[in-house]
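The block underneath contains the structure these notes are about, expressed in structure tokens.
Residue numbers (our numbering), protein chains in the order written: chain U, 848 to 1227; chain V, 95 to 266.
Here it is in structure tokens:
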């Protein structure tokens, strides 16, 4: 305390000296230091999840996509996931913490943040079994009404933890044998992808108990053409794309998942030129225009994580290609915003960049450099 | 294939004393009974060509300090060889995970395809050196046995990931 008083006094003295040495101009008022808060998010904001290469702790960069300005940050735990409540009042990280940093006892928790102040306002303890994987969108999921947070577990037995965000408590687990991840497709429903290419649809009640469970027939063949495990999800519908460029739209609004006929991102010329989708977050959908965007590169077999040099835009109803955006920097993840004038975000891990393009015409708008080691993009 | 599965099971059994873990692994495998246990019967056809991680300028399949080392055809993470370990040994203080995912790599030295087990070293913070992202035969999480993005420290004392190795399990 003495030290602090001394510093304050010395600063005051320095201010006096500086004030007397400068010519007589209107003096600037003394600064009043405060803490800023975030406004309500705009449709063109983007939340970038970044993972430290050494600690594997995560940081969320809250960016204004139009100005490409960093507005604030949220910090999460080891291999954390991130969610934003539909009413934009809260944000959540689903964390694993070890009591002594990289060692000690494991604690899994949901951390609740005020979405405006970014202050921690609550915590919900979880069984220490959440799926630990390089961050994927569907390791966790919020129900459409924002009431329940669903968390995929893997020990390696698979299940889903159900957390009641209203009552701030962990309710229990729902077993999902042979199926992994979790994506909510309504208020009390989620799906998981299964090893044989089928989809498991689960319904549950307000107490977190499963009320119905239905596994579809295999909808695709993982042996010949695996679907990427991070589809673009809009309401009760999910658009999956495959290693070889097929699109599968799946309707999850009923008790059992049903797939529409496959269609291809590629024509014969594209196939001859070895175009295929790849990256991390490889597909995104703009509900207002009905346009599906896929991150594309030229490569052979097993190049499904190769960075994409172009983003291709398709009318999801007619399957016609309506745009082809050449990226300045090859991207690892893409996302299109749900705004009237949508922005296509292209994120690269190496070099670390977040680029913005107008969508679907693909005009380059700008870049934000050095955004850590980013993996995922979220919209508000 | 059966021989390989038997050998892998034996390896796991030898390397873990945690019955509860084996029970959980059993549940996982039973849950996935609709699929072949270890569907590695497809030889990864393509050579590991372009990717954006730390590749050497001149590919050298014999240099185990680079992502181009033949045994690393689908390795994903920090190479233990760059962290005080070896291609199949953990650095000091890290614990080999009893579980792993598997792949098939072609050795140009003897022109054979080898089944390799990508075993993580666990119990220390990430090494951070020589990041590789090879993907031959790598599958999404719904085929967990072939997924490289998981923290493969199941059955190890902790789920803290340090680095990755590639261990020859047998000839395909």
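Idealized CB from N, CA, C, for every residue including glycine.
My output table needs one value for residue i: the three-state DSSP class, helix, strand or coil.
i, result
"residue 264/V", "strand"
"residue 238/V", "helix"
"residue 145/V", "Because the pLDDT of residue 145/V is 39, which lies under 50, any placement of that residue in the model is unreliable, and the number read from its coordinates should be weighed accordingly. Correct three-state label for residue 145/V: coil."
"residue 250/V", "coil"
"residue 1190/U", "strand"
"residue 184/V", "coil"
"residue 140/V", "Residue confidence for residue 140/V is low, a pLDDT of 28 falling below 50, so the modelled location carries little weight and cannot support an answer."
"residue 1197/U", "coil"
"residue 165/V", "helix"
"residue 204/V", "coil"
"residue 920/U", "strand"
"residue 986/U", "helix"
"residue 175/V", "helix"
"residue 1054/U", "coil"
"residue 944/U", "strand"
"residue 961/U", "strand"
"residue 926/U", "coil"
"residue 953/U", "strand"
"residue 981/U", "coil"
"residue 1018/U", "strand"
"residue 837/U", "The requested residue 837/U does not occur in the structure, where chain U is confined to residues 848 to 1227."
"residue 1208/U", "coil"
"residue 1162/U", "strand"
"residue 1093/U", "strand"
"residue 211/V", "strand"
"residue 828/U", "Residue 828/U is absent from the structure shown; chain U starts at 848 and stops at 1227."
"residue 894/U", "strand"
"residue 991/U", "coil"
"residue 899/U", "coil"
"residue 972/U", "strand"
"residue 225/V", "strand"
"residue 255/V", "strand"
Along chain V, which residues have their Cβ under 9 Å away from the Cβ of residue i?
i, result
"residue 938/U", "Simply none; closest approach about 24 Å."
"residue 926/U", "245, 253, 255"
Starting from residue i, find everything on chain U with Cβ-Cβ shorter than 9 Å and list it in chain order.
i, result
"residue 236/V", "1025, 1026, 1027, 1028, 1039, 1040, 1041, 1042, 1043, 1044, 1069, 1073, 1074, 1076"
"residue 244/V", "978, 979, 980, 981, 1001, 1003"
Run down chain V in chain order and give the residues with a C-beta less than 8 Å from the C-beta of residue i.
i, result
"residue 902/U", "219, 220"
"residue 953/U", "252, 253"
"residue 949/U", "218, 219, 254"
"residue 945/U", "252, 254"
Would you mind giving the Cβ-Cβ distance between residue i and residue j, rounded to the nearest angstrom? I have them listed as a contact below 8 Å.
i, j, result
"residue 165/V", "residue 207/V", "Actually they do not touch by this definition, with Cβ atoms about 12 Å apart."
"residue 985/U", "residue 1030/U", "5 Å"
"residue 1040/U", "residue 236/V", "4 Å"
"residue 224/V", "residue 167/V", "That pair is no contact at about 15 Å."
"residue 1011/U", "residue 995/U", "6 Å"
"residue 1126/U", "residue 897/U", "Not a contact, Cβ separation roughly 16 Å."
"residue 1019/U", "residue 1009/U", "6 Å"
"residue 891/U", "residue 1184/U", "5 Å"
"residue 229/V", "residue 1151/U", "6 Å"
For a contact meaning CB atoms closer than 7 Å, what does residue i contact in chain V?
i, result
"residue 1086/U", "Result: empty, since nearest Cβ-Cβ is about 15 Å, beyond 7 Å."
Can you name the residues of chain U whose CB is closer than 8 Å to the CB of residue i?
i, result
"residue 232/V", "1149, 1151, 1152"
Should the region 231 to 247 of chain V be regarded as contacting the region 179 to 188 of chain V, the criterion being three or more beta carbon pairs within less than 8 Å? no
Taking one C-beta from the region 1052 to 1062 of chain U and one from the region 1124 to 1136 of chain U each time, how about it: are there three or more such pairs within less than 8 Å? no
Could you tell me whether the region 1020 to 1029 of chain U touches the region 999 to 1010 of chain U, where touching means 3 or more Cβ pairs closer than 8 Å? Flag = yes, the region 1020 to 1029 of chain U and the region 999 to 1010 of chain U touch.
Just checking, does the region 1102 to 1119 of chain U make contact with the region 1060 to 1069 of chain U on the three C-beta pairs under 8 Å criterion? yes
Per the contact definition of three or more C-beta pairs closer than 8 Å, is the region 876 to 890 of chain U in contact with the region 1202 to 1210 of chain U? no
Could you say if the region 1087 to 1098 of chain U and the region 1109 to 1119 of chain U meet the contact criterion of at least three C-beta pairs nearer than 8 Å? yes
Beta strand (DSSP E) runs contained entirely in the region 1096 to 1142 of chain U, provided each spans 3 or more residues: 1122 to 1124, 1130 to 1133
Would the region 905 to 921 of chain U and the region 929 to 947 of chain U be scored as touching if the rule is three or more Cβ pairs under 8 Å? yes
Indicate whether the contact test is met: 3 or more Cβ pairs, each with one atom in the region 948 to 959 of chain U and one in the region 969 to 977 of chain U, closer than 8 Å. A contact exists between the region 948 to 959 of chain U and the region 969 to 977 of chain U.
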